[in-house]
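Comments concern the structure below.
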Amino acid sequence: MSDCIEGERACSIAIVDIDRLFRISEQHGPDCADHVLQEFGANLIQLSSDLDISVAHLGQDQFGLLLVGLTSDTATEAFDRLRYELSLRPIGWKGEMINITVSVGVAEVYGPETFDNYLNAAEQFLFMAKMSGRNQVVSDHTFAIAAH
Numbered sequence: 001m002s003d004c005i006e007g008e009r010a011c012s013i014a015i016v017d018i019d020r021l022f023r024i025s026e027q028h029g030p031d032c033a034d035h036v037l038q039e040f041g042a043n044l045i046q047l048s049s050d051l052d053i054s055v056a057h058l059g060q061d062q063f064g065l066l067l068v069g070l071t072s073d074t075a076t077e078a079f080d081r082l083r084y085e086l087s088l089r090p091i092g093w094k095g096e097m098i099n100i101t102v103s104v105g106v107a108e109v110y111g112p113e114t115f116d117n118y119l120n121a122a123e124q125f126l127f128m129a130k131m132s133g134r135n136q137v138v139s140d141h142t143f144a145i146a147a148h
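Take the sequence shown: its position 113, counted from the start at 1, is 113 in UniProt numbering, and no numbers get skipped.
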């Protein structure tokens, strides 16, 4: 992480949020929501195994990821592919298949900011993804593309 903050390596932080997990819990019960979290976490790790990535469950429906070696633009592309792949993996529960979508906020780590500042930026991008209809990735890179 210090290499990222000192600008020696490209890094990005992402927050992945399972869309409408509360609704799944209301419809199928909290045990189902717990099962979805476990299966989703396993799918997330499996699908991102080709990346230099650290994954942590942040609580409730959110996972935090540190992507070493990826700038915001490459991390955004990687997470858009990951978002799509996760949507193709419904999670089974008592004979029923539950479709999952995710919203993702990505912030590039560069310069002498604190980790919390970068995490806060990723949270803000996640909020924008949620407010823009869910099931998408938002980052500083997506804003740069929109501006052109």
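No residue lacks a Cβ here, since even glycine has one placed at the ideal position from N, Cα and C. All values reported here derive from a predicted model rather than from experimental measurement.
Leaving aside the five residues that flank lysine 130 on each side, the residues in its chain whose CB is nearer than 6 Å to its CB run, in chain order, Ser103. With a beta-carbon spacing of about 6 Å, cysteine 11 and leucine 67 fall inside the 8 Å limit used to define contacts. If you ignore the 5 residues before and after glutamate 39, its C-beta comes within less than 6 Å of the C-beta of Ile91, all in its own chain and listed in chain order. Check the Cα spacing between aspartate 61 and each of Asn117, Tyr110, Asp19, Thr114: the tightest is with Asp19.
DSSP places leucine 44 inside the alpha helix (DSSP H), whose first and last residues are 30-47.
For aspartate 140, the secondary structure class from DSSP, reduced to helix, strand or coil, is helix.
With respect to the 8 Å criterion, valine 106 and valine 137 are classified as neighbours on the basis of their beta carbons.
Around the beta carbon of isoleucine 45, fewer than 16 other beta carbons lie within 10 angstroms, which makes this residue exposed. At a Cβ-Cβ threshold of 8 Å, phenylalanine 79 and alanine 121 do not count as neighbours.
If you ignore the 5 residues before and after threonine 101, its C-beta comes within less than 7 Å of the C-beta of Asp19, Ser87, Arg134, Asn135, all in its own chain and listed in chain order. Here DSSP, grouped into helix, strand and coil, assigns aspartate 116 to helix.
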